[in-house]
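Working notes, beginning with the structure itself.
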Amino acid sequence: MVVFFVPLLLLWPLPLLGSGVVLSRSDQEASTHIWGLWLALHERSPWSIHTDRVNYPEGFTWSLIDPANLPSFTLGFGLGGPALGYNLTLYFGFVLLGLAGWALGREVGGSPWLAALTAAACPAMMSMPARGMTEELGVAWVGLGLAAALAFRRTGAPRSGLMVMLCAMMSAYSGPYNGLWCALLLGSVTVWTVFVLHRGRGLRLIGAGLGAVLFSLPLLWSWAGRGAAQPGAAQGWGLPSLPSWSPVTAYRGGLLYGADLLDVFVPVVVTGGEAVASHTAYLGVVTAFVAMVVVWRRRSMWPWAAGALVMALLSLGPYLFFAGRPVVASGGIRTGPAAALTILLSTTFLVTRWYRAG
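Quick note on numbering: the sequence shown equals residues -6 to 351 in the working numbering.
Written out as structure tokens, the structure reads:
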């Protein structure tokens, strides 16, 4: 009940919009993503799409970033057109977020309904509809994959192993960032399982991951063929270049490559500086406080706090900012915890949305 009903409240006034209005800001990216999903449906090509509807007559070829959202978009499009397709994609994305929270809460012995509510009401996800970047919804598959990996580690049940493979594959098909988060989190669980808990189950988790990569090869191949001008194309070895710096007034969700130190940990009513359409990495002061209480009372939960802190630090991006100003030391801008990963991945694709790690 919570999983299906709460998104209707969180996304209000979505239930009132029908098929004619899109729940997003008109100056953001919803139209781009709606067009991409519609074109993939129209061309019957779920990842690598060629069309002459732009750059006529030569046409243009690019990769759909989130083919995992095609089923929900197709259903809504069939019922009422592209706007309903987009709105239904939002709704089902938040339902999946609730399911991920429910599965994780049950796996760690917590309250599943409270975990579902917390996941669906995550501040970073609540800010997503305004921007219209539908691939962000796929982070739910990362949570579901993590829950499946924990269940497999505990029981060794084959169906849990299949769920790990399915969710890891769907994470990639919902966007490269979700694939990256899934690789980081499931990789951590797998390493811990192999070397500490149960080597056999850990090796089977590796097999599930390789299976997900195998089934994702068509999508990965289409990503590899992107032109240099397309978003996320490889930039060559190194960190992304930065513009000339002046204080960023909209530093809460308005930075280019990551999140401000204040954005992650401090409520916006204290700091100000919010962007018009924020891509915040804020964790939520209530959630963080409750998490600290839980870890204090149940010391066995400390790996969850450590993992959350690692992802929060990665959300700061390759450069550190405080209140909209770069953190400078020894005459240069301080690099953030994500700098090494940015360099490592730069020859494959350009990672610019580190705030999504929040």
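Beta carbons are placed, not taken as given, at the ideal position from N, Cα and C, and that holds for glycine.
Query: According to DSSP, is A243 helix, strand or coil?; Result: coil
Query: Could you please give the first and the last residue of the uninterrupted alpha helix (DSSP H) stretch that includes S56?; Result: Not the alpha helix (DSSP H): S56 falls in the beta strand (DSSP E), residues 53 to 56.
Query: Using three-state DSSP, classify S153 as helix, strand or coil.; Result: helix
Query: Whose C-beta lies closer than 6 Å to the C-beta of A350 among residues of the same chain, with five residues either side of it excluded?; Result: M304, L307, S308
Query: Where does R318 sit, in a helix, a strand or coil, going by DSSP?; Result: strand
Query: Please report the Cβ distance between T111 and T280, rounded to the nearest whole angstrom; I am assuming they are in contact, meaning their Cβ atoms lie under 8 Å.; Result: 6 Å
Query: Check this for me: beta carbons of L212 and A165, under 8 Å apart or not?; Result: yes
Query: State yes or no: is the C-beta of P151 nearer than 7 Å to some heavy atom of the ligand SAH?; Result: With respect to small molecules bound, the structure shown includes none, and the ligand SAH cannot be examined in it.
Query: If you run the structure through DSSP and keep just helix, strand and coil, what is T43?; Result: According to the sequence as given, residue 43 is His; it is not Thr. If DSSP states are grouped into helix, strand and coil, H43 belongs with the strands.
Query: Where does L255 land, buried or exposed, given buried means 16+ other C-beta within 10 angstroms?; Result: buried
Query: Report yes or no: do the stretch 131 to 145 and the stretch 88 to 97 share at least 3 C-beta pairs separated by less than 8 Å?; Result: yes
Query: Quick check on the burial criterion: 16 or more other C-beta atoms within 10 angstroms. Buried or exposed for M(-6)?; Result: exposed
Query: Using the DSSP secondary-structure output, state which residues sit across from I199 in a beta bridge.; Result: DSSP lists no partner for I199.
Query: When the Cα atoms are used, what is the spatial distance from S19 to G125?; Result: 9 Å
Query: Let's see if you can read the secondary structure: which residues bound the alpha helix (DSSP H) around S65?; Result: 63 to 73
Query: Within the same chain, show all residues whose beta-carbon is closer than 7 Å to that of P240, passing over the 5 residues directly before and after it, in chain order.; Result: G317, R318
Query: Ends of the alpha helix (DSSP H) at G29?; Result: 23 to 36
Query: When you compare only the Cα positions, how much space is there between V259 and A252?; Result: 12 Å
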